Every structure is written in C-alpha cells, then in structure tokens.
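K.L.:
Residue numbers (our numbering): 37 to 286.
Beta carbons: idealized from backbone N, C-alpha and C, even for Gly.
Source: prediction; values computed, not measured.
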C-alpha cells in the first residue's frame with residue numbers, strides 16, 4: 037500500500053493507486069457534560085470541575101443528545117451515494133452515544149439500515165493530557181506553572197504534558213487509523229465520530245497543514261461536519277467544521 041501522506045500530497049504518481057473511501061465525513065461528538073462544566077468553570081475562573089469519572093466515561097449532555105439527533109437527520113438528507121454505510125468511532129462514551137443516536141435517527145428516517153456497522157477504534161480516542169487532565173486553565177497556571185510556561189514555549193503541536201500526548205502524538209495514531217480505514221473502506225462513504233483534537237489532526241494529515249496553518253484553524257465544534265471527497269486519486273477537502281444542520285430550523 038502506498039504511503040498515505042505522500043500520495044495525498046500528489047507525489048509518487050507512478051505508484052499503484054491508493055485505496056480510498058469515496059467520501060470521508062468526520063464529526064466531533066455532541067456537547068458533553070464536561071464541555072458544559074468546563075465552560076462554567078472557565079467563565080468563573082474556577083480551579084476545579086465537578087467531574088469524578090474517567091475522561092473515557094463522560095456522557096453527552098441533553099444538548100449533546102439533541103445535536104446527535106440533528107446529525108442523524110443531516111446524514112439521512114445526504115444524497116444516497118454519500119450516505120455513510122460504515123462508521124469508525126472512538127470508544128469513549130460521548131462518541132459512542134453520538135454514533136448510536138445519529139445512526140438510530142438516520143435509520144428511523146429510512147436512510148440507512150439500523151444494522152449498519154460501527155467499528156470502535158482506540159486510535160480515534162481523545163488526546164490524553166496526563167497530569168493536566170480535568171484541570172481548568174486557571175488550575176494549570178496555579179498548580180503547574182512550569183508546565184504552563186513550557187506549553188506556551190513549545191506550542192500545542194509539540195507540547196507533551198507529563199503522562200500525556202502532544203498533537204503530533206495524536207496525529208501519528210490518526211495516520212495509522214487512516215491507513216486501515218482507507219484499505220478497508222475503498223470506494224465507500226464513511227463517517228468518523230471522534231473528538232476535537234482527533235478531527236483536527238485528521239485535517240492536519242489529509243490537508244498537509246503546516247504548523248502555522250494548523251494553529252490558525254478554529255476549534256472543532258460539537259457535531260460539526262467536515263467532508264473530504266476522493267478526486268484524482270486523493271481525498272480533497274469539500275467542507276470544514278460546518279454546523280448549519282444544528283440550527284433549530286435546519
């Protein structure tokens with residue numbers, strides 16, 4: 037199999053064609069209870085959030101569940117040839133709930149079979165933050181000032197908190213997952229349900245963004261849709277971080 041990045045970048049044209057999905061759609065999970073608690077804490081300058089479970093076990097908020105339903109309606113409204121017939125999903129609770137609700141909604145509208153395959157892949161999990169996990173920005177500055185300073189110096193692409201991952205670490209596992217996805221989903225439309233950092237690294241890999249370009253990209257919104265379509269032997273960006281389907285009248 038040809039190397040993913042170089043082939044998508046238009047190099048090595050003499051090598052065998054890379055197997056690619058016809059359409060690749062990526063979404064971040066719906067709003068989680070942690071998203072709500074962190075927004076409240078950051079606004080108040082609080083040093084803690086009332087979350088006691090593992091990051092992997094954080095569920096969707098009520099708003100997040102509504103967003104997942106909206107994602108399912110958007111899925112059902114796609115042209116038949118673009119509707120994902122398989123789902124690759126992070127195994128975290130908030131992503132599995134998003135995939136389950138969206139799939140049930142799309143199936144209920146008769147757009148896809150309820151038995152559609154969902155593959156849970158740990159390489160699509162959220163970024164691991166190590167000693168900074170579940171800490172607000174104010175708490176990091178107060179409890180780990182040396183790490184806060186190192187983070188500012190290194191930048192998000194290369195900063196790795198003790199026990200955690202940098203964006204580059206996440207990009208490595210995203211590349212690995214993409215190779216398997218492309219091989220197994222050749223010619224098929226696919227939906228990836230993951231996290232903000234994971235979806236961002238997906239764009240970093242597929243669109244070959246430089247560090248300045250990557251840092252300029254806006255935060256990935258909950259249940260937004262980003263679309264790449266195979267044209268000329270590579271996945272080309274068609275839409276990024278779209279949220280129009282989440283509007284009340286959408």
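(1) Can you tell me the Cα-Cα spacing of residue 180 and residue 79, whole angstroms?
(2) CA-CA distance, residue 108 and residue 131?
(3) Rank 193, 123, 243 by C-alpha distance to the C-alpha of residue 221 and give the top, closest one.
(4) Go ahead and label residue 219 buried or exposed: buried means 16 or more other beta carbons lie within 10 angstroms of its beta carbon, across all protein chains shown.
(5) Decide if the region 262-279 is in contact with the region 164-179; the criterion is three or more beta carbon pairs, one per stretch, under 8 angstroms apart.
(6) Please return the same chain residues whose Cβ sits closer than 7 angstroms to the Cβ of residue 241, not counting the five positions on each side in sequence.
(7) Compare the Cα-Cα distances from residue 68 to each of 259, 164, 139 and report the closest residue.
(8) When DSSP labels each residue in this structure, what does residue 224 get in the three-state scheme?
(9) Residue 308 lies in the beta strand (DSSP E); which residues open and close that run?
(10) Among residues of its own chain, excluding the 5 on either side of residue 155, which ones have a beta-carbon nearer than 6 angstroms to its beta-carbon?
(11) Taking the CB atoms as reference points, tell me whether residue 147 and residue 119 lie closer together than 9 angstroms.
(12) Quick check on DSSP: helix, strand or coil for residue 153?
(13) Taking 9 angstroms as the cut-off, decide whether the C-beta atoms of residue 128 and residue 157 are in contact.
(14) With DSSP as the reference, label residue 38 as helix, strand or coil.
(15) Rounded to the nearest angstrom, what separates residue 142 and residue 95 at their Cα positions?
(16) With H, G and I counted as helix, E and B as strand and the rest as coil, what does DSSP make of residue 72?
(17) So, is residue 117 buried or exposed, given that buried needs 16 or more other C-beta atoms within 10 angstroms?
(18) For my contact list, residue 145 and residue 121 are in at a C-beta cut-off of 8 angstroms; report their separation, rounded to the angstrom.
(19) What are the complete alpha helix (DSSP H) segments, minimum 4 residues, inside the region 186-226?
(20) Smallest Cα separation from residue 101: which of 136, 73, 126?
(21) State the start and end residues of the unbroken alpha helix (DSSP H) segment that holds residue 274.
(22) Look up residue 241 in the DSSP assignment and say whether it is helix, strand or coil.
(23) Relative to the C-alpha of residue 63, which residue among 192, 91, 103 is closest?
(24) In whole angstroms, what separates the C-alpha of residue 56 from that of residue 272?
(25) For residue 74, collect the residues of the same chain with a Cβ closer than 8 angstroms to its Cβ; drop the 5 residues on either side in sequence, then sort them by chain order.
(26) Can you list, in chain order, the residues of its chain with a C-beta nearer than 8 angstroms to that of residue 97? Leave out the 5 residues immediately preceding and following it.
P.N.:
According to the structure shown:
(1) Numbered from 1 along the chain shown, position 144 holds the residue referred to as residue 180. Numbered from 1 along the chain shown, position 43 holds the residue referred to as residue 79. Each residue's Cα considered, the two are about 20 angstroms apart.
(2) Counting from one through the chain shown, the residue named residue 108 turns up at place 72. Counting from one through the chain shown, the residue named residue 131 turns up at place 95. Answer to the nearest angstrom: the Cα atoms are 14 angstroms apart.
(3) Working through the chain shown from its first residue, we reach residue 221 at position 185. That would be 123, whose Cα lies nearest to the Cα of residue 221.
(4) Counting from 1 along the chain shown, the entry for residue 219 is found at position 183. With fewer than 16 other beta carbons inside 10 angstroms of its own, residue 219 counts as exposed.
(5) Short answer: they don't touch.
(6) Position 205 of the chain shown holds residue 241. Around residue 241: 41, 207, 210, 211, 214.
(7) Numbered from its first residue, the chain shown carries residue 68 at position 32. Residue 68 has its Cα closest to that of 259, out of 259, 164, 139.
(8) Numbered from 1 along the chain shown, position 188 holds the residue referred to as residue 224. Three-state result, residue 224: coil.
(9) One cannot answer for residue 308 here, as it falls past the ends of the chain, which runs 37 to 286.
(10) To locate residue 155, count along the chain shown from 1; it is residue 119. Excluding residues within five positions, the ones whose Cβ falls inside 6 angstroms are 124.
(11) Taking the chain shown and counting its residues from 1, the one referred to as residue 147 is at position 111. Taking the chain shown and counting its residues from 1, the one referred to as residue 119 is at position 83. Contact: yes.
(12) Within the chain shown, residue 153 is the residue found at index 117, counting from 1. Strand at residue 153.
(13) Counting from 1 along the chain shown, the entry for residue 128 is found at position 92. Counting from 1 along the chain shown, the entry for residue 157 is found at position 121. No, the pair does not count as a contact, with Cβ atoms beyond the cut-off.
(14) Within the chain shown, the letter at position 2 stands for residue 38. For residue 38, the predicted model reports a pLDDT of 42, less than 50, meaning its position is unreliable; a value from the coordinates is still stated below. Coil, per DSSP.
(15) Your numbering for residue 142 matches position 106 in the chain shown. Your numbering for residue 95 matches position 59 in the chain shown. Going from the Cα of residue 142 to the Cα of residue 95 covers about 21 angstroms.
(16) Your numbering for residue 72 matches position 36 in the chain shown. If DSSP states are grouped into helix, strand and coil, residue 72 belongs with the helices.
(17) Stepping through the chain shown from its first residue, residue 117 is reached at position 81. The residue in question, residue 117, is exposed, as its Cβ has fewer than 16 Cβ neighbours within 10 Å.
(18) Translated into positions along the chain shown, residue 145 becomes position 109. Translated into positions along the chain shown, residue 121 becomes position 85. Not confirmed; about 15 angstroms, so no contact.
(19) 203-220
(20) Against the chain shown, residue 101 aligns to sequence position 65. Here the closest residue by C-alpha is 136.
(21) On the chain shown, residue 274 is found 238 positions in, with the first residue counted as 1. Element bounds for residue 274: not the alpha helix (DSSP H) but the beta strand (DSSP E), 270-278.
(22) As a first step, residue 241 must be located in the chain shown, where it is residue number 205. Residue state for residue 241 is assigned as helix, using DSSP reduced to three classes.
(23) As a working note, residue 63 is residue 27 in the chain shown. Cα-wise, what sits closest to residue 63 is 103.
(24) Here the question's residue 56 lines up with position 20 in the chain shown. Here the question's residue 272 lines up with position 236 in the chain shown. Each residue's Cα considered, the two are about 11 angstroms apart.
(25) Along the chain shown, one-based indexing puts residue 74 at 38. Answer for residue 74: 85, 172, listed in chain order.
(26) As a first step, residue 97 is located in the chain shown; it is residue number 61 there, counting from the start. Only 66, 67, 68, 69, 71, 72 meet the Cβ criterion.
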